Amino acid sequence: MTDTQKLKEHFWDRMTASPFMMLGLTGGRNHSEPLTAQLDKGQVDTLWFFIGKDNRLATGGPAMGQFVSKGHDFFACLSGKVGIDNDPAMIDRLWSKQVEAWFPGGKSDPNLALLRFDIDEAEMWEADVSLSGKLKMLFGGKINPSEEGSHAKLDTTAK
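Following the working numbering, the numbering of the sequence shown begins with 21 at its first residue and continues without gaps.
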């Protein structure tokens, strides 16, 4: 398995464990905001988010998302496009009690919107510092490139 393949697998594993990320439209002055990704294993390079129709992301367009794993050892920057996709079958598939907490009207809440993020490109970093590298960090030694971890620019996040 290549390092790139490992990065892709580790990305989806870590997103499953902690699906929180910052997402924002590019090209404007709006800041990114924290959202909880809804994952559908059957769809490659797509993340879903339940948002309010009045959310600044609801206008759609080019977007960028940043992800940091729960253990702060994996980082990803994702670029692509967002847009509303209120497919009732997808809403049913992704619906959960956690989502319902934000939308008291349930699946028919008048403010409910399902945001689709289609990923065009990704850049990922995994801090997998070796034992000798960790000791060097602890005592101020120089980290060699072979001790740094993995990094890749990707056209797809598919495993």
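Built from N, CA and C at the ideal position, the CB exists for glycine as well.
Computed from a prediction, not measured in an experiment: that's the story for all the values here.
- Annotation for Phe87: the continuous beta strand (DSSP E) segment containing it runs Gly81 to Val88.
- Using a Cβ distance threshold of 8 Å, Phe40 and Phe94 do not count as a contacting pair.
- Taking Cys97 as the centre and dropping the five residues before and after it, the same chain places the C-beta of Gln86 and Glu143 closer than 6 Å to its C-beta, in chain order.
- Judged by DSSP secondary structure, Arg49 falls outside any alpha helix (DSSP H); it is assigned neither H nor E.
- Taken through DSSP and simplified to helix, strand or coil, Leu59 comes out as coil.
- Taking C-beta atoms under 8 Å as the contact rule, Ala147 and Ile71 fail to qualify, at a distance of about 31 Å.
- Take the alpha-carbon of Leu27 and the one of Leu45: they are about 25 Å apart.
- Bounds of the alpha helix (DSSP H) holding Thr36 are Asp23 to Ala37.
- Counting other Cβ atoms within 10 Å of its Cβ, Gln118 stays below 16 and is therefore classed as exposed.
- Lys117 carries a helical assignment under DSSP once its states are collapsed to helix, strand and coil.
- The stretch 101-108 and the stretch 46-53 do not touch, with fewer than 3 CB-CB distances between them shorter than 8 Å.
- Between Asp60 and Asn131, the C-beta gap is not smaller than 8 Å, which leaves the two residues out of contact.
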